[in-house]
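Enquirer: Residue numbers (numbering that gives the first Met the number 0), protein chains in the order written: chain L, 0 to 637; chain A, 0 to 381.
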Amino acid sequence: MKRETGRYKTFTRRSAMLVGGQGLLLSALVGRLYYLQVVRSEEYRMLADENRISLRLLAPPRGLIVDRYGQVVAGNMQNYRVLLVPEQAKRTGEKLTVSADRTLVVLSKLIPLDDFQRQKVLREVGRKREFVPINVAENLTWEDFSRINVHAPDLPGILPDVGETRQYPLGPILAHVVGYVAPVADTDTIDDPLLELPGFRIGRSGVERKADRTLRGKAGSSHVEVNAHGRVIRELKRVAGHPGREVTITIDAQLQEFATNRMGAESAGAAVIDISNGDVLALVSTPSFDPTQFAFGLSRDEWNTLVNNPRKPLLNKAVTGQYPPGSTFKMMVALAALENGAIHTGHRVFCPGHTVLGDRKFHCWKKGGHGELTLTEGIEQSCDVFFYDVARRVGIDKIAEMATRFGLGSTPDLGLGTERPGLIPTADWKFKRTGERWQAGETLVAGIGQGFILTTPLQLAAMTGMVANGGIRITPRLIVPPDEAERASVRPDLVLDPEADPRSLKISAGSMAAVREGMVRVVNSARGTAYAARIRDKGFEMAGKSGTAQVRGISVAERDEGLPAIDTIPWEQRDHALFVGFAPMAAPRYACAVVVEHGGGGSSVSGPMVRDILLQVQKLDSGRKLRRQVADVAPPKG
Amino acid sequence: MSLNALTKVELTLGQKIASINWGLVLLLSATTSFGLLVLYSLAGGATDTWVMKQSIRFALGFSAMIIIALIDIRIWLNLAYVGYGVALVLLVAVDAVGFTSMGAQRWIDIGVISLQPSEMMKVALVLALARYFHEHTLEEAQRIRWLMVPAAMVLAPAALVLVQPDLGTAALLLLAGATLCFLAGVRLWIFGLLFALAAASVPFGWQFLHDYQKDRILTFLDPERDPLGAGYHILQSKIALGAGGIFGRGFREGTQSHLSFLPEMQTDFIFTTLAEEFGMVGGLSLLGLYCCILAYGMAIALRSRNHFGRLVAMGIGTTFFCYVFINIAMVTGLLPVVGVPLPLISYGGTAMVTLLAGFGLVISVYVHRDIRIPRRPGGPVS
């Protein structure tokens, strides 16, 4: 009994200790719950929301690019596609791929879908989570797409969907200007969450690249509740984004199309400028490429074909191609000499067919020589000997100074990123570059626009425009600022007053008049080099200057034997054919320059092109003052 | 006096049923209902996912509990060693023929039903130790030589469970064994010594742990170590608890559990869902129910006139407490993650049946509280 009492006492005491211990531990649990559920509750509530709420970006539609009249040159096309959601195709107790395949077999009776594509989709079904939509087919026709919609009940798991892809109605015609969009590359800096969207495309060249920010717009977002596997349960909130804004360019799509077609199969660059404000009305480079292809991604073969083509379709020859200006440079030489007093407007030179400097003989293009010529005649007949003489009198540095005033040798900024400065050499430049002194003979060569001098078609068009407008600086522009977009099509009445204009190049009216007179006669005088390319329509006449730029030296032997016929020379060795012009002759408004690579004679090949383009731009001008007038009309086929 | 006592406490079946502690039965049922409510929410309002099965298990367990409660306590005393022996044999067998479920060998398939011997052992160990200390005097219990047998009785099943591997059950067995030794009067310095020895052997024992066990312990020490891997469970669990706040997110509104961020939400981590949806108020209510159940067990132990009954009631009560504490401490990040269910709430049959059977014994102790049992069979009633 005593023992039993001792045992019971110990048991009671120890039970009390045990219960005390349990009480302490339970208090610890209560404290822990208080800490987690009261003290840190807010923080954990936030983490729980972060867990379940996922932000989905909604891609805004990309802004349109329109020409000066509002015609769409880069738009968005609805991309009809079919997606497959495997879990919706699934029948209970069946393997996912079996169900998906059955649906695809039904689908392949409605739209073209070969075995290869089907296998590709099925592989993806096996790889992805069962609620992730898989792209089955893209760019379906409306007929195919509606057929799928009609048969939707027989196609479990098939989700017809409308996406957007970039479309270029003019296709290759404006490819170098508008540029193209392409998928985001690894090298792009991701500074906008939009870039992380699968399938998102950014402007990769041309205006698409330059105005990408404007065109891109701002992403909208959708707050969705997701579970731990990422499946969307429901949408909680939606924030609308801003669609991309429209961008207007100065190009006249109709003129652009006309000019491109006029170039034909030639490898050429051309620019048309409104000389009153520098608007680039056309900027042509042939051959071209199809920018729509870039949005979908090029195959290796397609890419190689483009890159290896000797006529360089990817190069924008109008702003990137740098060519010796040839005789089109003679206006600069004449102006330099006149303005520096090296010659006066009555200056005369006798051309025997060549001139001699030291022990070197410099030939005129006309073998027998021109005889005695005035300045206007020298321009009219493009006499080389005349300009050898003038260049020698004024010197290279003065010529360079004048050329620079007209924008040659500096990079025009159209926003394309591919514009090149060309090259206007000086004695200093040569010394710095080669360590050799400038040779007098090099001045003579520069006098006829050969040697080191390089220019782009855009620069030549602007230069010509400045000659035409009496010496007022032209800054070419391509992208119209948003606040001017509505007025882009309205041409202000042209009032050019070189004396008062702040953009004046400060060249005397007399010198300008003499040079312009020469250019008028190039085209309109029977003795002019481009008389055949004159505009016969009354009031639309043009003035201009031809140029033929050698790309290789002519040996003495060849000169003695007579120059070979053009079709016997390999294409790469033929002369570049240049022509610059402005119109209308009486009250100039438009300037145009065309360079045909290895085209042969400037006056015979490029002259007629400039003629047709300048005539077309004048005809298009009349009665087309309203914006959007042509926007509703079906865009021309690319 | 002894004769008188013996005759006085021979009860009829009616008397037994009348003296069942219905308050405790009610508390157990209430707690289970709370668990069913949470399972109903977790299943998204469906009853066929978990609720029905769990209800059937409760009904089975409940019946077992009542039957066990009505069986004479002396029969349980006599069966104690046999039961222990059977459980131990099954534990050995499970290593040989048991199949692996959830990465651990815990189950044995005996044709019709799957059996988890380690669960059986939890009750069997308490009974066997209670009988042992019932049959030994306090003086004996205080001597080391008399402690060899109970020590072996605890360590053998604990070791067998540990190799399965089931750290949680091993810990529960050790704790139950220690509790009974403690209540029997084993000297306190022995516990101190054992604790010191255990602490010293930690670095040694570390290398015997499975990788996932090491992982759990490392994760416990530094939960942010691997937030998407081993630390994921406990991190998501804490987020759910914290997001629940004081009043909870509302019945069936817990985002963490309904969007599958919580792991094993219907079993070991069910407390998280409960506390996310019903908040701290819900968590404390459950703890309140548990405290009441523990208090009943305690009162029954103190009321019993036989040492075996006292030890059984207190042993079962403490085991129950260990379940509660380890589980909640685990999901709140106070202890490493070990597989211990939340008693009466977690989905799962074996634990439910084991616990109800255990409480059947506790009630049996209450029903037969006035029976005095001699230390030795046929010996004098002490």
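Every residue, glycine too, gets a C-beta built ideally from N, C-alpha and C.
Quick one: Cα of G599 (chain L) to Cα of A184 (chain L), how far?
Expert: In the first sequence, counting from the first residue as 1, residue 599 (chain L) sits at position 600. In the first sequence, counting from the first residue as 1, residue 184 (chain L) sits at position 185. Going by the C-alpha atoms only, they are around 42 Å apart.
Enquirer: Quick check on this structure: which residue in A:S259, A:R309, A:M120, A:G308 has the alpha carbon closest to the alpha carbon of K354 (chain A)?
Expert: Counting from one through the second sequence, the residue named residue 354 (chain A) turns up at place 355. According to the sequence displayed, residue 354 (chain A) carries Leu and not Lys. Of A:S259, A:R309, A:M120, A:G308, the residue nearest in Cα terms is A:M120.
Enquirer: With distances taken Cα to Cα, identify the nearest neighbour of A512 (chain L) among L:G538, L:G74, L:R391, L:E338.
Expert: The residue labelled residue 512 (chain L) in the question sits at position 513 within the first sequence. Of L:G538, L:G74, L:R391, L:E338, the residue nearest in Cα terms is L:E338.
Enquirer: Please tell me whether T9 (chain L) has its Cβ less than 7 Å away from any Cβ of chain A.
Expert: For the purposes of this step, residue 9 (chain L) is taken as the residue at position 10 of the first sequence. Answer yes: the Cβ-Cβ gap between T9 (chain L) and chain A drops below 7 Å somewhere.
Enquirer: Buried or exposed: G244 (chain A), going by 16 or more other Cβ atoms within 10 Å of its Cβ?
Expert: Within the second sequence, residue 244 (chain A) is the residue found at index 245, counting from 1. G244 (chain A) is buried by the Cβ-count criterion.
Enquirer: Say whether chain A places a C-beta atom closer than 7 Å to the C-beta of G19 (chain L).
Expert: Counting from one through the first sequence, the residue named residue 19 (chain L) turns up at place 20. False, the Cβ-Cβ gap to chain A never drops below 7 Å.
Enquirer: What does the Cβ neighbour count give for G110 (chain A), buried or exposed, with the cut at 16 atoms within 10 Å?
Expert: Numbered from its first residue, the second sequence carries residue 110 (chain A) at position 111. In this predicted model, G110 (chain A) has a pLDDT of only 45, less than 50, meaning its place in the structure is not dependable enough to derive any value.
Enquirer: Listing by chain order, which chain A residues have their CB less than 8 Å from the CB of L54 (chain L)?
Expert: In the first sequence, the residue the question calls residue 54 (chain L) occupies position 55. Those do not exist, as L54 (chain L) stays about 16 Å from chain A at its closest Cβ, beyond 8 Å.
Enquirer: Would you call H367 (chain A) buried or exposed, if buried means 16 or more other Cβ atoms sit within 10 Å of its Cβ?
Expert: Your numbering for residue 367 (chain A) matches position 368 in the second sequence. When all chains shown are included, H367 (chain A) counts as buried.
Enquirer: On a Cα-Cα basis, can you pick out the residue from L:P59, L:L614, L:F10 that is closest to R302 (chain A)?
Expert: On the second sequence, position 303 is the one that residue 302 (chain A) refers to. Checking every option, the nearest Cα to that of R302 (chain A) belongs to L:F10.
Enquirer: Which word fits L187 (chain A), buried or exposed, when buried means at least 16 other C-beta atoms lie within 10 angstroms of its C-beta?
Expert: The residue labelled residue 187 (chain A) in the question sits at position 188 within the second sequence. L187 (chain A) is classed as exposed because its beta carbon has fewer than 16 other beta carbons within 10 Å across all chains shown.
Enquirer: Specify the secondary structure class of G167 (chain A) as computed by DSSP and reduced to three states.
Expert: On the second sequence, position 168 is the one that residue 167 (chain A) refers to. Correct three-state label for G167 (chain A): helix.
Enquirer: Express the C-alpha separation of L193 (chain A) and P164 (chain A) in angstroms, rounding to a whole number.
Expert: For the purposes of this step, residue 164 (chain A) is identified with residue 165 of the second sequence, where counting begins at 1. For the purposes of this step, residue 193 (chain A) is identified with residue 194 of the second sequence, where counting begins at 1. When rounded, the distance between both Cα atoms is 23 Å.
Enquirer: Tell me, to the nearest whole angstrom, how far the beta carbon of V609 (chain L) is from that of F578 (chain L); I am working on the premise that it is less than 8 Å.
Expert: Along the first sequence, read from residue 1 onward, the residue named residue 609 (chain L) stands at position 610. Along the first sequence, read from residue 1 onward, the residue named residue 578 (chain L) stands at position 579. Between F578 (chain L) and V609 (chain L) the Cβ distance is about 5 Å, and since that is below 8 Å, they are a contact.
Enquirer: Does the CB of A47 (chain L) have a neighbour CB from chain A at under 7 Å?
Expert: Within the first sequence, the letter at position 48 stands for residue 47 (chain L). It does: the Cβ of A47 (chain L) has a partner Cβ on chain A nearer than 7 Å.
Enquirer: Quick one, which of L:L504, L:M518, L:W302, L:K431 has its alpha-carbon nearest K544 (chain L)'s?
Expert: Position 545 of the first sequence, counted from the start, is the residue given in the question as residue 544 (chain L). Selected option, being the one with the closest Cα: L:M518.
Enquirer: Along the beta strand (DSSP E) that carries N407 (chain L), what are the first and last residues, could you check?
Expert: For the purposes of this step, residue 407 (chain L) is identified with residue 408 of the first sequence, where counting begins at 1. In the sequence on display, residue 407 (chain L) carries Leu and not Asn. Counting along the chain, L407 (chain L) falls outside any beta strand (DSSP E), and DSSP gives it neither H nor E.
Enquirer: How far does the beta strand (DSSP E) with D273 (chain L) in it reach, from first residue to last?
Expert: Position 274 of the first sequence, counted from the first residue, corresponds to residue 273 (chain L). Unbroken beta strand (DSSP E) run through D273 (chain L): 267-273.
Enquirer: Along chain L, in chain order, which residues have C-beta atoms closer than 9 Å to that of H232 (chain A)?
Expert: Residue mapping note: residue 232 (chain A) aligns to position 233 of the second sequence, counting from 1. Here the premise fails: no neighbours, minimum Cβ distance about 12 Å.
Enquirer: Near L194 (chain L), what residues of its chain come up, given a Cβ to Cβ distance below 8 Å and the 5 sequence neighbours on each side ignored?
Expert: The residue given as residue 194 (chain L) occupies position 195 in the first sequence. Only V183, D187, I201 meet the Cβ criterion.
Enquirer: Would you kindly check if the distance between the Cβ of L313 (chain L) and the Cβ of V348 (chain L) is under 7 Å?
Expert: Here the question's residue 348 (chain L) lines up with position 349 in the first sequence. Here the question's residue 313 (chain L) lines up with position 314 in the first sequence. Cβ distance not < 7 Å, so V348 (chain L) and L313 (chain L) don't count as in contact.
Enquirer: What is the C-beta distance between I233 (chain A) and Q255 (chain A), in whole angstroms, given that I count them as a contact (C-beta under 8 Å)?
Expert: Here the question's residue 233 (chain A) lines up with position 234 in the second sequence. Here the question's residue 255 (chain A) lines up with position 256 in the second sequence. About 13 Å; that fails the 8 Å criterion.
Enquirer: Given this structure, state the Cα-to-Cα distance separating I72 (chain A) from Y83 (chain A), to the nearest angstrom.
Expert: Stepping through the second sequence from its first residue, residue 72 (chain A) is reached at position 73. Stepping through the second sequence from its first residue, residue 83 (chain A) is reached at position 84. Approximately 16 Å between the Cα atoms of the pair.
Enquirer: Using only CA atoms, which one of L:D536, L:A542, L:C591, L:A585 lies nearest to K618 (chain L)?
Expert: The residue labelled residue 618 (chain L) in the question sits at position 619 within the first sequence. Measuring from the Cα of K618 (chain L), the nearest candidate turns out to be L:D536.
Enquirer: Across which residues does DSSP place N308 (chain L) in a beta bridge pair?
Expert: In the first sequence, residue 308 (chain L) corresponds to position 309, counting from 1. None, per the DSSP bridge assignment.
Enquirer: Following the continuous beta strand (DSSP E) through M584 (chain L), name the residue where it begins and the one where it ends.
Expert: Here residue 584 (chain L) is taken as the residue at index 585 of the first sequence, counted from 1. From DSSP, M584 (chain L) is part of no beta strand (DSSP E); its letter is neither H nor E.
Enquirer: Once DSSP output is grouped into helix, strand and coil, what is the label at P149 (chain A)?
Expert: On the second sequence, position 150 is the one that residue 149 (chain A) refers to. Three-state result, P149 (chain A): helix.
Enquirer: Name the chain L residues whose beta carbon is nearer than 8 Å to that of C291 (chain A)?
Expert: Here the question's residue 291 (chain A) lines up with position 292 in the second sequence. Those do not exist, as C291 (chain A) stays about 12 Å from chain L at its closest Cβ, beyond 8 Å.
Enquirer: Using 8 Å as the Cβ pair cut-off and three pairs as the minimum, do the segment 58-75 of chain A and the segment 346-361 of chain A touch?
Expert: The segment 346-361 of chain A and the segment 58-75 of chain A touch, with three or more beta-carbon pairs separated by less than 8 Å.
Enquirer: Please go through the same chain and pick out, in chain order, the residues whose beta-carbon is closer than 7 Å to the beta-carbon of K429 (chain L), but skip the five residues on each side of it.
Expert: Your numbering for residue 429 (chain L) matches position 430 in the first sequence. Taken in chain order, the residues that qualify are E435, W437.
Enquirer: Enumerate, from N- to C-terminal direction, the unbroken beta strand (DSSP E) stretches of 3 or more residues contained entirely within the segment 229-298 of chain L.
Expert: Listed in chain order, they are 231-238, 246-248, 267-273, 279-285.
Enquirer: If we require 4 or more residues per run, which alpha helix (DSSP H) segments fall completely within the segment 413-473 of chain L?
Expert: 426-433, 439-446, 456-467
Enquirer: Output yes or no for whether 7 Å exceeds the beta carbon distance between T354 (chain L) and V393 (chain L).
Expert: Here residue 354 (chain L) refers to the residue found at position 355 when the first sequence is read from its first residue. Here residue 393 (chain L) refers to the residue found at position 394 when the first sequence is read from its first residue. No; because the gap between Cβ atoms is not below 7 Å, this pair is not in contact.
Enquirer: V339 (chain A) and Y322 (chain A) - do their beta-carbons sit closer together than 7 Å?
Expert: Within the second sequence, numbered from 1, the residue matching residue 322 (chain A) stands at position 323. Within the second sequence, numbered from 1, the residue matching residue 339 (chain A) stands at position 340. For Y322 (chain A) and V339 (chain A), yes; Cβs fall inside 7 Å.
Enquirer: In chain A, which residues lie less than 8 Å from Y33 (chain L) when you measure between Cβ atoms?
Expert: As a position in the first sequence, residue 33 (chain L) is number 34, starting the count at 1. What Y33 (chain L) touches in chain A: M279.
Enquirer: Compile a chain-ordered list of the residues in the segment 408-421 of chain L whose CB is closer than 8 Å to at least one CB of chain A.
Expert: none
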